[in-house]
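Heads up, the numbering used here is the position in the sequence shown plus 2, with the first residue counted as 1. Note that beta-carbon positions come from the ideal geometry of N, C-alpha and C, so glycine has one too.
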Amino acid sequence: MYYPTSHPWSADQTLGDHLAERGVNRRDFLEFCGSMCAVLGLSNSMLPRIAAQLEAVKRPSVIWLQLQECTGCVESVLRTAEPTIGDLVLDVVSLDYQHTLMAGAGAAVEKALADSMAANKGKYVLVVTGSVPLNENGIFLTIGGRTGREILEEAARDAAAVVGVGACAHFGSVQAARPNPTGAVGIREIITDKPVVNIAGCPPIGDVVTATLVHFLTFGRLPEMDSEGRPLFAYGKRIHDQCPRRAHFDAGQYVEVFDDEAARKGWCLYKVGCKGPATFSPCPIFQWNTRTSWPIGAGHPCIGCTEPFFWDTMAPFYGRLPNVAGFGIESKVDTIGAALAIGATAGVVAHAVATGVYQLRHRKKAEAAASAAGSSTTKEG
Ligand code: SF4
Ligand code: SF4
């Protein structure tokens with residue numbers, strides 16, 4: 003669990019000095035930079051630049067607004083069993099404004115927000131979770147007597163970068179589902195004069211937030227995005243194309259009902275509603291809970307939560323997705339088992355190889371994470 007640290011990263015200290023003070027050695031730091039290179043899709047030749055830039059960074063001001071939302075995103079980003087260097091980078095969020103994590107409350111905290119924006123005009127990173135309700139002049143969300151829209155517009159005006167975290171900030175999420183009683187919208191509907199990056203998902207993956215901040219701190223700009231504002235390094239591929247159950251899809255091996263023999267064997271969840279073929283997200287790679295698992299890994303179909311308006315467009319969640327591009331699966335899925343009978347052995351072998359490679363990679367990652375956690379300093383509780 004993340005707690006605000008008693009060794010805060012002070013404004014005049016570089017990140018390199020701060021990490022050294024926290025007991026992080028250079029090897030661990032370079033390992034972290036290497037993992038960020040991999041996550042961001044950069045070649046290893048960029049590692050020295052990332053390391054040099056990050057080391058020299060002085061504590062940036064981060065202001066984190068929570069608007070109309072459930073706080074699940076904050077939990078996803080900040081809750082971790084093993085604090086990593088990425089968490090240390092995120093230590094910064096407790097320092098300026100984050101109303102769930104701050105010890106203070108009321109007028110003092112709202113003053114801290116105003117002071118921080120004034121002191122860091124044009125330089126702070128604005129992180130936003132939650133949607134903006136517009137119906138009835140926005141009265142469904144007020145903080146300190148002001149509407150979410152007013153607070154967001156003011157905070158965005160002088161921000162160097164705006165990062166929307168979660169489906170609520172992306173398009174309004176569950177509050178914007180039909181009939182959308184509060185008139186909830188995503189923050190890009192409000193902030194139209196500067197780029198907004200959307201770390202999509204309900205909730206999104208904490209590592210993607212860290213990597214996006216690292217990209218901004220290293221290169222001074224937000225990463226390349228798709229038309230939804232999602233960073234391409236993370237959301238450039240469909241779940242279906244990275245899924246460890248894909249060999250079963252290709253072999254026509256499907257779970258028919260939950261808890262059948264196929265479910266126990268870990269076959270494809272397409273027939274019980276998986277939206278992986280229409281969903282762009284890095285879930286199979288990053289996973290959740292310190293890379294322990296993810297929905298499909300745990301036997302539940304993907305519900306498409308990184309896609310806009312998924313509560314309406316992906317429902318019913320346990321209904322089959324029609325017209326899967328490139329395979330024509332809807333017309334073939336009921337007969338494909340027979341049609342592929344001869345090819346089934348090859349399919350199973352392909353699946354075994356794919357799964358074996360996946361498991362090997364996964365095991366290596368887990369071992370590396372365990373040894374990194376063992377050699378880095380644990381944060382105080
Ligand atoms: S995106 Fe999902 S987890 Fe995040 S605040 Fe909204 S409802 Fe909660
Ligand atoms: S349909 Fe779902 S479970 Fe099946 S391979 Fe695609 S993403 Fe994986």
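So who's on the other strand from residue i, going by DSSP bridges?
i: TYR237; result: TYR237 is not bridged to any residue.
i: GLY166; result: VAL130, ASN200
i: THR144; result: THR149
i: ALA307; result: Checking the sequence shown, residue 307 turns out to be Cys, not Ala. Answer is none; CYS307 lacks a bridge partner.
i: LYS267; result: BP columns for LYS267 are empty, so no partner.
i: GLN100; result: TRP66
i: PHE312; result: According to DSSP, PHE312 bridges with nothing at all.
i: MET388; result: Since the first and last residues shown for the chain are 3 and 383, residue 388 lies out of range.
i: VAL187; result: VAL134
i: PHE218; result: Answer is none; PHE218 lacks a bridge partner.
i: PHE282; result: ARG240
i: TYR256; result: CYS270
In terms of residue numbering, what span does the beta strand (DSSP E) encompassing residue i cover?
i: TRP11; result: From DSSP, TRP11 is part of no beta strand (DSSP E); its letter is neither H nor E.
i: ILE65; result: 64–68
Answer yes or no: do residue i and residue j have a C-beta to C-beta separation smaller than 8 Å?
i: THR308; j: THR281; result: yes
i: CYS245; j: VAL167; result: no
i: VAL150; j: HIS172; result: According to the sequence displayed, residue 150 carries Gly and not Val. Not closer than 8 Å, so no.
i: LEU224; j: PRO197; result: yes
i: ALA161; j: TYR126; result: yes
i: LEU128; j: LEU69; result: no
i: THR220; j: ILE52; result: yes
i: ILE298; j: LEU323; result: no
i: LEU56; j: VAL216; result: yes
i: ALA202; j: ARG232; result: yes
i: LYS60; j: ASP14; result: yes
i: GLY275; j: TYR320; result: yes
i: VAL130; j: LEU154; result: yes
i: ASP209; j: VAL26; result: no
i: ASN122; j: SER63; result: yes
i: GLN289; j: SER283; result: no
Under DSSP, the alpha helix (DSSP H) around residue i begins and ends at which residues?
i: ALA300; result: From DSSP, ALA300 is part of no alpha helix (DSSP H); its letter is neither H nor E.
i: GLU33; result: 28–42
i: PHE319; result: Per DSSP, PHE319 belongs to no alpha helix (DSSP H) and is neither H nor E.
i: TRP296; result: Element bounds for TRP296: n/a, residue is neither H nor E.
i: CYS75; result: 74–80
i: CYS285; result: 285–288
i: ARG51; result: 49–58
i: GLU23; result: 17–23
i: LYS113; result: 109–121
i: PHE251; result: 248–252
i: VAL176; result: 175–178
At a cut-off of 7 Å, is residue i close to ligand 4 when judged by its beta-carbon and the heavy atoms of the ligand?
i: ARG159; result: Absence of ligand 4 is noted for the structure shown, with ligand 1 and ligand 2 being the only ligands found.
Open item on the list: So if I measure from each beta-carbon to every heavy atom of ligand 1 and keep distances below 5 Å, which residues remain?
Closed with: GLU71, CYS72, GLY74, CYS75, GLY168, ALA169, CYS170, SER175, CYS204, PRO205
Task: Residue list, Cβ distance to ligand 2 heavy atoms smaller than 6 Å - done: ILE241, HIS242, CYS245, ARG247, ARG248, PHE251, CYS270, LEU271, TYR272, CYS276, GLY278, PRO279, ILE298, CYS304
TODO: Mind the definition here: the segment 241–257 touches the segment 276–294 only if three or more C-beta pairs lie below 8 Å; say whether that holds.
DONE: yes
Task: Stretch pair the segment 39–49 + the segment 12–19: three plus CB contacts closer than 8 Å - done: no
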